[in-house]
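Residue numbers (the working numbering), protein chains in the order written: chain A, 117 to 511; chain B, 199 to 523; chain C, 211 to 529.
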Amino acid sequence: MKNLKRSLCLALCLILALACIPAMADGNVKIGVLVSDATSSEALAFRAYYTEYIAKAYGVEFIYSDELTDAAGEKSAIDNFIVNNCKAVISFSSFDRPAQIDQCDAAGIYNAVATGTLTDEQYDEYKDYEYYVGAIGPSMDIEFQAGYDMAAYYIDQGMTKFGMFGGGVPYYVDMHIYRAAGMLTAMVEKGGEGANYKGADNAGAIIGQIYADGGIDTGAIGNLELAAYVGGYDFNDAWFGKLSQMVGTEGIQAILTVGSGVDVLGGFISGSGVKLATVDSFTPAMQEAMDNGILDYMAGKFAASIGPIFAATLNAVNGQPIRDSEGNALALGQGYWVATSSEQFAQYCAVDSSMTDPAYTKEILDQYASSEVSYDDFVDFVSQYSFDEIVSLKK
Amino acid sequence: MKKTRLLKNLMLSLLIPCAVLLVLEAMALGKGLRLFANADSWKLFFRAVANVTLTTFALSINLDSGRFDFSLGAVSMLSATVAGTLAQQWNVGPWPMLAIAVAVAALLGLLHGGVYVLTRIPPIIVSLGMALFYEGCAFAFTGGKGVSLVTRLDIIGFSTIGHYILLTAVAVALIVLLFDYTRFGANYRALLSGQKIAVETGIHEIGNALGCYAVSGALMGVVGFISLANTGSQQMALNFGSIGVMFTAFLPMFIGGWIGRYINKRVGIMLGATSMALISLAFARFNTASSVQSIVSALLLVLFLIYLNNEFAILSRFRKKQDAK
Amino acid sequence: MGKQTIRERIPAFASILGLLALIAAYYIVGLIRDANVAYGLKAVVNQSVVVALVATGAVFIYTLGSFDISLGAATGVSALLGAMAYNATGSLPVMFLVCIGVAVAIGFINSSLASVFNLPIFVTTVAMMSVLSAFMLILIGWNGAGDTIKVKARDVRPLDNIPFKVAVLAAYIALCWFVFTLLPTGREAKFIGGNPVCAKLSGIDEKKLAIIASLISAIGIGLGAFLTIVYAPTLNKDTASSIGMDVIIAIVFGGMPVSGGPRSRILSAVVGAFSMGFLSQIMSMLNLGSGYGQMIKAAIFLLVVFIALGSQRGKLLTR
């Protein structure tokens, strides 16, 4: 037993030593990355872009947090980044963004928000903080529009009976509530005269209603019908039963999902003839689902969409933060790519999943990760996020 | 006389599932619904019976011996991940995939048992370490992407009522055979009732424990396969995200223990699982919110345990009242 | 005789040796990785203090041979209600009292259910965990401000410092040590954990002790909830959710047997919680991928427990 204990201790030492070797070899700029999702295809695509492309291209080291579940976790993770001498934090986690900015500011390291934005009140408070780089990502308005466009796409085709998967709506996840509200608003606007959702007939009222209920009720919306709704991520027999029931609801034509549509509904949709629309990422697995008719509509953030926030962060670390004429930090919106056919998806996927020639290559980013870039140039660059615009940038 | 006792035992065994069915059916009628409305309802029911029965077997095999196992969910996830990935790469159908899942899960169980007997760390703690380890393995194995088989209609098509019944029946038969009619089972029961005496009489405790972990693992392999074939995708979990699976097995285990007084304990567990499956079906049919489901399940567990642990007092009070009348 | 005594004492120090080994590894890895180790020590205290508080109280429950898996959810509910009370009154003392009061109420329900109805504590706490987790979501819905319940950061910032947190921890450890070591309660609890039948025959009231253990543990939960708000005043449905598991790990890391009994020690929880803090820092500095990182963390966890348990291994398989 003593020998065993010695061997195991030796193994522990070896593990630690082996783990340290690559770390000793580099002396790169370290950037901490806060993540509240480490396993979704979107999160993995973002991570791959940073760790497999950007890290090599720019000689930076990304230190990822564990999968965070609360604001205390965010604070601990930023502490760990400070211990690791990170020069900046790029945050994909939104439990308490003001606290993140305050903590980074106090420690003298830069903070940037990726794939999201601050609220107007928060931006007013933090826009002139020295160490706040800014935010680039879909605002709540863009999330709302993504949901609206998805529902409108099917209503315009003449469909009238829908199902909805609400994902994080029961947990009051803002992004999901806004997407769901967008879908309902489209139904209200296109549902004929007098159409309303529980008495609410405009976007603000619908958003308020969802927040008040923590869920979405089924029923007629004018001449359209939301025939089935499932929310949450329970992953138990009853929840899978609800999903299966939703697909089997008589006469249902399309299921609109605020996210993870293929992962949670793919197995039930196969062969049912019901159209599935979701917000996700352009991965080969989704491509396969689209090719096989399981997925019909997808709005996705492309993996390299987080390239500009990296460029802005690198500029700040290099002492050249990008600021507007009044010295305020960035607050830029960035929308989705939408694919409604296999061919379109294949085009997007080819660019998006490439680790040698991604949507935003080093050559493109170099033009903006430089001391010469102006605020207006940068804003112009970020605003060109559609697939065609990026392809023309690459040329 | 014997026939009467047999009939009485059978009736008592079916008491809980039948009572649950009646209550839920009445509630459904009150809401203007039918519990078993269509083929989907039946499918949900039989899938839940299979899942809960197998998970409860996997939990109780070790828990009855005082070995708590938090790693059941991680074994299920990792075995399904490996089997799904290989099925995709080798383009094999559902049966070979099921065989791979069971084999991998049995090996994972064996490894878990190996670490336990080698280090003699308390089983609950080993299970925490192994849960973390297996979650990490699954993540590393797929680069975090998990498995997506949504386009594999042959595998998704496996999710039929017939297959669920077949898997449940085979699992129950094998478990009854192994634990009630073999030397392994006799040794298991001896160790259960008196560890020290059993070991001193020459029973090989380590071999028995390893066997239990392997069997428990294999059962979770089937659960992982059922889940993957049902949804077509296996998502990853980290930082103990997989342990929730285990908690679903407590109530059926206790119900099974009670029914086990009147019929074979393993069959009792299956009947307990059947009761739970009916409740799951009702949650789905009534579109019950997740938080309400949690509270109802917890209350049922506590109420049943209160009865179970105070049965004598409750029954004697009931009898006194009867006598007084 | 003397040699035997030393050998007997080694297990008591094994967990401290484990902690020292982790501190040494922390400094070595920090040196190699050019890390800010001084700041790291502050981070370890910040990250470990809540687990240390909850785990120290939980030692009473574990000593009895019981097991509570609802500690994290109880901390979460106490923190959410504490934050709601603060937002309603603007008073930190009220927030503090609500945190403690809610935790004590939950502890009382747990122990009463177990004592009055003879329920196994572990299963009662499994049920309680489900109820409390669901209740957290309901509270957030009632609060009606999105997916969080917030206390203004500037209101609690004066308390968010190491001396205050260490003082709270030290005071609670002192209280627990006093009760556990100098009052009959501790000895009786160890007796029950070691040999429940003998303890019962000796006239020790198991039910009364279970209630006392739950109430002392609840004070730790309440303090943990209060410091959770002080550390990160934006709370959500998953606040403190990992504490239940962390407490089990901390107690075992600290070298205490999960079966309780005479070898239970108050300091095990603190040693274990800080061992976890250092391990977490080491893992962060090594910057391994999620999957491989977790595999190595699991291996180190088992190894440290293996060392910390010392000679507790018997001839029969542990149950």
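Cβ atoms here follow ideal geometry from the backbone N, Cα and C, with glycine treated the same way.
Close beta carbons around residue i, own chain, < 7 Å, minus the five adjacent residues each side
| i | result |
| --- | --- |
| A/K277 | E341, A343, G367, I368 and Q369 |
| B/Y505 | I512 |
| C/F345 | V287 |
| A/S458 | M406 and D407 |
| A/A171 | E177 and F178 |
| A/I137 | Per-residue confidence for A/I137 stands at a pLDDT of 48, beneath the threshold of 50, marking its modelled position as unreliable; no derived number is given. |
Extent of the continuous alpha helix (DSSP H) run through residue i
| i | result |
| --- | --- |
| C/S494 | I476 to L496 |
| C/I506 | S500 to A518 |
| B/N428 | E403 to T429 |
| A/M280 | Segment K277 to F281 is the beta strand (DSSP E) holding A/M280; no alpha helix (DSSP H) there. |
| A/D244 | It is not in any alpha helix (DSSP H) - A/D244 carries neither H nor E in the DSSP assignment. |
| B/I354 | L351 to I354 |
| C/A428 | E416 to Y441 |
| C/S325 | L302 to V326 |
| A/Y313 | Careful: A/Y313 lies outside any alpha helix (DSSP H) and carries neither H nor E. |
Distance between beta carbons of residue j and residue i, contact taken as under 8 Å
| i | j | result |
| --- | --- | --- |
| C/S288 | C/A313 | 4 Å |
| C/G403 | C/S225 | Not confirmed; about 18 Å, so no contact. |
| C/T449 | C/L290 | 7 Å |
| A/Y180 | A/V149 | 5 Å |
| A/V304 | A/I337 | 6 Å |
| C/G317 | C/S427 | 6 Å |
Partners in chain B for residue i, counting only beta-carbon separations shorter than 8 Å
| i | result |
| --- | --- |
| A/V378 | S346, V348 and S431 |
Residue i, enclosing beta strand (DSSP E) - first and last residue
| i | result |
| --- | --- |
| A/N144 | It is not in any beta strand (DSSP E) - A/N144 carries neither H nor E in the DSSP assignment. |
| A/M414 | Y413 to G416 |
| C/S451 | Here C/S451 belongs to no beta strand (DSSP E), and DSSP marks it neither H nor E. |
| B/G344 | Per DSSP, B/G344 belongs to no beta strand (DSSP E) and is neither H nor E. |
| A/S207 | A204 to S207 |
| A/F211 | First-last for A/F211: undefined, no H or E at that position. |
| A/T373 | A370 to T373 |
| A/L448 | L446 to G449 |
| A/Y180 | V176 to E183 |
Proximity of residue i and residue j at Cβ, strictly below 7 Å
| i | j | result |
| --- | --- | --- |
| B/F337 | C/S500 | yes |
| A/T231 | A/F208 | yes |
| B/V192 | B/A475 | What the structure shows of chain B is the stretch from 199 to 523, and residue 192 of chain B is not part of that stretch, so it cannot be assessed. |
| A/Y501 | A/Y413 | no |
| C/T266 | C/G430 | yes |
| A/F384 | A/L359 | yes |
| A/A297 | A/I322 | yes |
| B/T254 | B/A412 | no |
| B/L276 | B/A447 | no |
| B/L284 | B/F423 | no |
| C/M486 | C/K507 | no |
Contacts of residue i in chain B (Cβ-Cβ under 7 Å)
| i | result |
| --- | --- |
| A/A462 | Correct list: empty, because the minimum Cβ distance to chain B is about 15 Å. |
Interface partners of residue i on chain A, CB under 8 Å
| i | result |
| --- | --- |
| C/L379 | Going along chain A, no residue has its Cβ under 8 Å from C/L379, so there is no contact; the nearest lies around 16 Å. |
| C/L320 | A small fix is needed here, since residue 320 of chain C is Asn in this sequence, not Leu. Neighbours of C/N320 on chain A: none; closest Cβ ~23 Å, over 8 Å. |
| B/N289 | Those within 8 Å of B/N289 in chain A number zero; the least Cβ separation is about 14 Å. |
Contacting residues, own chain, Cβ-Cβ under 8 Å from residue i (five flanking each side not counted)
| i | result |
| --- | --- |
| C/M211 | Annotation note: pLDDT 40 at C/M211 (below 50); position unreliable, coordinate value reported separately. Around C/M211: no qualifying Cβ. |
| C/M339 | I279, S280, G282, A283 and G454 |
| B/N207 | Y460 and I461 |
| C/I476 | T266, V269, I383, C386, W387, F390 and T391 |
Same chain only: Cβ atoms within 6 Å of residue i, ignoring 5 sequence neighbours per side
| i | result |
| --- | --- |
| A/M256 | Y294 |
| B/G430 | L347, V348 and I354 |
| A/A455 | M414, F461 and Y464 |
| A/A141 | For A/A141, the predicted model reports a pLDDT of 44, less than 50, meaning its position is unreliable; a value from the coordinates is still stated below. Nothing listed; no residue qualifies. |
| A/V346 | F281, K358, L359 and M362 |
| B/A235 | none |
Contact list for residue i against chain A, beta-carbon separation under 9 Å
| i | result |
| --- | --- |
| C/K226 | Before going on, a small fix: residue 226 of chain C reads as Ile here, not Lys. Here the premise fails: no neighbours, minimum Cβ distance about 16 Å. |
Listed by chain order, chain B residues near residue i by CB distance under 9 Å
| i | result |
| --- | --- |
| A/Q361 | A235, N236, D238, S239, L242, A482, R483 and N485 |
| C/G501 | E333, G334, C335, A336, F337, A338, F339, T340, G341, G342, M434 and L436 |
Closer than 7 Å at the beta carbon, the chain A residues around residue i
| i | result |
| --- | --- |
| B/Q491 | A354 |
| B/R245 | D353 |
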